[in-house]
Amino acid sequence: MTISGFIYVRNGFDYSVPFLEAIHSVLPVCDEFVVVVGDSTDGTREAVEKIGDSRIRIIDSVWDMSLRKGGKVFAQQSNIGLDHISGDWAFHIQADEVMHESSLPHLKKLMKAHLHDDRMDGFLFPFLHFWGDYHHIRNSRRVHPWEIRLFKNNQLVRSYRDSQGFRIYQTREGYENGAEKGAKLRVIKTDTTVYHYNGIRTPEELYRKVKKFNFFYDQNEINIEKERLEGTEDIHKVDRVTKFTGVHPGVMADRIAAFDFAFEHDRSKACWKLKDRLAQPVEDFLGIRFGGYKNYIVLKE
């Protein structure tokens, strides 16, 4: 059994994402690791080279800005990584995501157990979405609770929409010309958490990140996010956060120690859409989510 990791990143330092920690967190279980490095100007490529692990292979790419609307360029970059891996399993980690070292042995056992299980395509991971600092997580219905990050390597699996997840297609042509919607992957839930560090920035850093990031989405989405996050106090304009009392991945220790911004959510500035404000307490009470986005089919063990 062979395992291939893959990630894409462009100007990782400018975006303040833990892309190096992401690589290091998955590398121990990988036989090869493909890093798709976009046309960066901040030393990202050099930092990946400096890791100095023979399993790492860098694929240079130039981001096609004609694909920026709707975040399609992210899917393109993810697919470049997919096209360069050779393992039985594809382990995708994004540049702001990190795995805990304690989860890796269990994941490897799962991969061995299901390698020849033809009824399933991959595994579904729970997510923790950090916000403000390393001691708070965003836990509202607006964040995705689960996503696919590990699946059987198949040339017909393609990154879906803006690369949040994956689908399988009958032909590459059908994917590329939009003729096929693709089939959702059949997955088994795991209890191995993805630590998503997307929201850990000072208010100034977050504003700069949003301005850059929203260049890759539609104008109406840009305006919504800009209204929510512009200015030095905008980090408080989030729907809901709660304290994180768990243990971070070991590879994050230095980064956490160097972070000197303390966040305490000002709930008077919480930003909710009306439907979410009404639905959230009902979902909390029932322990379910109404109408959540699910780009996968969950199988029973």
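If you use my numbering, the sequence shown corresponds to residues 61 to 361, in order.
All residues carry an ideal CB built from backbone N, CA and C; glycine is no exception.
Please read all numbers here as calculations on a predicted model, not as lab measurements.
Could you name the residues that DSSP lists as bridge partners for residue i?
| i | result |
| --- | --- |
| W191 | G259 |
| S121 | DSSP lists no partner for S121. |
| A150 | S64 and F211 |
| H196 | K303 |
| G98 | Bridge partners of G98: none, in fact. |
| G182 | F211 and V247 |
| W332 | BP columns for W332 are empty, so no partner. |
| G225 | Y220 |
| V69 | V97 |
| E92 | S64 |
| V254 | M159 and F187 |
Which residues in the same chain have their Cβ closer than 7 Å to the Cβ of residue i, if we skip the five residues on either side of it in sequence?
| i | result |
| --- | --- |
| Q215 | none |
| V358 | L184, V247 and K249 |
| E343 | R201, R349 and F350 |
| F321 | D193 and T262 |
| F73 | D102, G103 and T104 |
| G182 | I208, L210, F211, K212, L245 and V247 |
For residue i, which residues in the same chain have their Cβ closer than 6 Å to its Cβ, ignoring the five residues on either side in sequence?
| i | result |
| --- | --- |
| V86 | G65, F151, I153 and M159 |
| E293 | Unreliable positioning characterises E293 in this predicted model, as indicated by a pLDDT of 45, which lies under 50. A coordinate reading is not provided. |
| G352 | none |
| S200 | D299 and R300 |
| G234 | E240 |
| V77 | A155 and D156 |
With DSSP as the reference, label residue i as helix, strand or coil.
| i | result |
| --- | --- |
| E265 | helix |
| S219 | strand |
| Y44 | Residue 44 cannot be examined here, being either before or after the span of the chain that is shown, 61 to 361. |
| E281 | Note that E281 scores a pLDDT of 48, beneath 50, so its modelled location is shaky and nothing firm can be said. |
| E109 | helix |
| V133 | helix |
| T116 | According to the sequence shown, residue 116 is Ile rather than Thr. Correct three-state label for I116: strand. |
| E157 | strand |
| V25 | As displayed, the chain neither begins before 61 nor continues past 361, which places residue 25 out of reach and without an answer. |
| V358 | strand |
| E324 | coil |
| L289 | Because L289 carries a pLDDT of 44, less than 50, the predicted location of this residue cannot be relied on, and the following value inherits that uncertainty. In this structure, L289 counts as helix in the three-state DSSP scheme. |
Taking all protein chains shown into account, decide if residue i is buried (16 or more other Cβ within 10 angstroms of its Cβ) or exposed.
| i | result |
| --- | --- |
| E81 | buried |
| V94 | buried |
| Q230 | exposed |
| A239 | exposed |
| V307 | exposed |
| F345 | exposed |
| P309 | buried |
| H176 | exposed |
| L35 | Past the edges of the chain, shown from 61 to 361, lies residue 35, and the structure says nothing about it. |
| S146 | exposed |
| E264 | exposed |
| N237 | exposed |
| E361 | exposed |
| G141 | buried |
| L167 | buried |
| M171 | buried |
Between which residues of its own chain and residue i is the CB-CB distance below 8 Å, once the five residues before and five after are set aside?
| i | result |
| --- | --- |
| V133 | W123, D124, M125, L127 and F276 |
| R115 | L87, C90, D91, E92 and F93 |
| Y220 | A135, F226, R227, G242 and N355 |
| H84 | I111 and V311 |
| F304 | L188, F190, Y194, H195, H196 and I197 |
| A313 | none |
| L266 | G259, L289, D294 and I295 |
Heavy atom of the ligand HEM less than 7 Å from the Cβ of residue i, yes or no?
| i | result |
| --- | --- |
| P88 | In the structure on display, the ligand HEM does not appear, and there are no ligands present to speak of. |
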